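Report on the following structure.
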């Protein structure tokens, strides 16, 4: 199971303030804390830095790589900022994200192949957000076949079924879970990932919903999450769920986490 730490995102007010002040120490400390908490990759998003996103992205990649040696997920809709981050990255990066939208595909695919990055494919095309499981499967087929044709290895492809807020429509959670299961059945060698907190947007006690949804997604075949690794209860529940789902041989990961005091009961 892959954990992408979501916290260095300028849509969060403290991060936007830290970026504006070039508070290197604060941002580096947050990166280190996420890795120590179990993040395998650190997401980096500075999308609110209008007019200077590319230069700030390069700066963020530089300062974060000074203190952690895990890959970074370059998270931006801007091809310029995306390349700025990728060009500074050491080793294999992750791109968040590509879609089947014509313009986005044509601008991002060359960067995926140039930098040999792993890539998150959002199940969305020029018709808009998917409404059904079938919509997601149709778009996913285009994304996976297109990436394979471009030489991207299956293990570098992460499909995101697009999680929509449960508060908008009470069927969105079930729709996402059914889509996850269908995608795993159709593309068993492709990874599945989601931005976990999207499901709880606008609702009270969001962490409770996020935790429950993470476990349900894992049982449907989700093997990667973009989440807050500093939520110890969430991380503990995922560790337990992984053992219960038969994904932790002899429960060694669970036992190790328990012995090191990482599990919250």
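Numbering (the UniProt record's numbering), first residue to last: 1 to 265. In this text, a Cβ means the ideal position worked out from N, Cα and C, and glycines have one as well. Note that this is a predicted model, so its numbers are computed, not measured.
*What is the DSSP secondary structure of residue 40, reduced to helix, strand or coil?*
Reading the chain shown from its first residue, position 40 is the one you call residue 40. In the structure shown, residue 40 sits in coil (DSSP, three-state: anything other than H, G, I, E or B).
*asked:* Considering just the uninterrupted stretch of the beta strand (DSSP E) at residue 4, what are its terminal residues?
replied: Along the chain shown, read from residue 1 onward, the residue named residue 4 stands at position 4. Segment 2-5, the beta strand (DSSP E) holding residue 4.
_Beta-bridge pairing of residue 234 - partner residues as DSSP gives them_ = On the chain shown, position 234 is the one that residue 234 refers to. Partner(s): none; residue 234 has no beta bridge.
*Does DSSP put residue 160 in a helix, in a strand, or in coil?*
In the chain shown, the residue the question calls residue 160 occupies position 160. Strand at residue 160.
*asked:* Just to confirm the assignment: which complete beta strand (DSSP E) runs, minimum length 3, are found wholly within the region 14-66?
replied: 41-44
*Considering residue 225, what are the terminal residues of the beta strand (DSSP E) in which it resides?*
As a working note, residue 225 is residue 225 in the chain shown. Start and end: 224-227.
*From 112, 135, 114, 75, pick the residue whose C-alpha is nearest to that of residue 123; which is it?*
Residue 123 sits at position 123 when you count from the first residue of the chain shown. It is 135 whose Cα lies nearest to the Cα of residue 123.
*Between the beta-carbon of residue 120 and the beta-carbon of residue 172, is there less than 9 angstroms?*
As a first step, residue 120 is located in the chain shown; it is residue number 120 there, counting from the start. As a first step, residue 172 is located in the chain shown; it is residue number 172 there, counting from the start. It is not a contact, given that the beta carbons lie outside the stated cut-off.
*Where do the ends of the beta strand (DSSP E) carrying residue 8 lie?*
By one-based count along the chain shown, residue 8 stands at place 8. No beta strand (DSSP E) contains residue 8, which DSSP labels as neither H nor E.
*For residue 96, which three-state DSSP category applies?*
Mapped onto the chain shown, residue 96 falls at position 96. Strand at residue 96.
*asked:* One question on the structure: do residue 7 and residue 228 come within less than 9 angstroms of each other, judged by their Cβ atoms?
replied: As a first step, residue 7 is located in the chain shown; it is residue number 7 there, counting from the start. As a first step, residue 228 is located in the chain shown; it is residue number 228 there, counting from the start. For residue 7 and residue 228, yes; Cβs fall inside 9 angstroms.
_Restricting to Cα atoms, I'd like to know which of 219, 109, 150 is closest to residue 179._
Position 179 of the chain shown, counted from the start, is the residue given in the question as residue 179. Out of 219, 109, 150, 219 has the C-alpha closest to the C-alpha of residue 179.
*Close beta carbons around residue 206, own chain, < 7 angstroms, minus the five adjacent residues each side*: Within the chain shown, numbered from 1, the residue matching residue 206 stands at position 206. Same-chain partners within the cutoff: 197, 200.
*Under 9 angstroms between the Cβ atoms of residue 75 and residue 9?*
Along the chain shown, read from residue 1 onward, the residue named residue 75 stands at position 75. Along the chain shown, read from residue 1 onward, the residue named residue 9 stands at position 9. Yes, the Cβ-Cβ distance between residue 75 and residue 9 is below 9 angstroms.
*Inter-residue spacing [alpha-carbon to alpha-carbon] between residue 146 and residue 264*: Locating residue 146 in the chain shown gives position 146, counting from the first residue. Locating residue 264 in the chain shown gives position 264, counting from the first residue. Straight-line Cα distance between these residues: approximately 43 angstroms.
*Measure from the alpha carbon of residue 194 to the alpha carbon of each residue in 210, 186, 187, then state which is nearest.*
Here residue 194 refers to the residue found at position 194 of the chain shown. With distances taken between Cα atoms, residue 194 lies closest to 210.
*By how many angstroms is the C-alpha of residue 214 removed from the C-alpha of residue 34?*
By one-based count along the chain shown, residue 34 stands at place 34. By one-based count along the chain shown, residue 214 stands at place 214. Going by the C-alpha atoms only, they are around 18 angstroms apart.
*CB residue 48 to CB residue 16, shorter than 9 angstroms?*
Against the chain shown, residue 48 aligns to sequence position 48. Against the chain shown, residue 16 aligns to sequence position 16. In contact: residue 48 and residue 16 (Cβ atoms closer than 9 angstroms).
*Would you say the region 91-109 touches the region 51-58, given that touching needs at least three Cβ pairs under 8 angstroms?*
no
*If you scan the region 76-126 from start to end, which runs of the beta strand (DSSP E) of 3 or more residues do you find wholly inside it?*
94-98, 118-122
_Nearest-angstrom Cα separation, counted from residue 105 out to residue 131_ = Position 131 of the chain shown, counting from 1, holds the residue named residue 131. Position 105 of the chain shown, counting from 1, holds the residue named residue 105. If I take the Cα positions, the gap works out to 21 angstroms.
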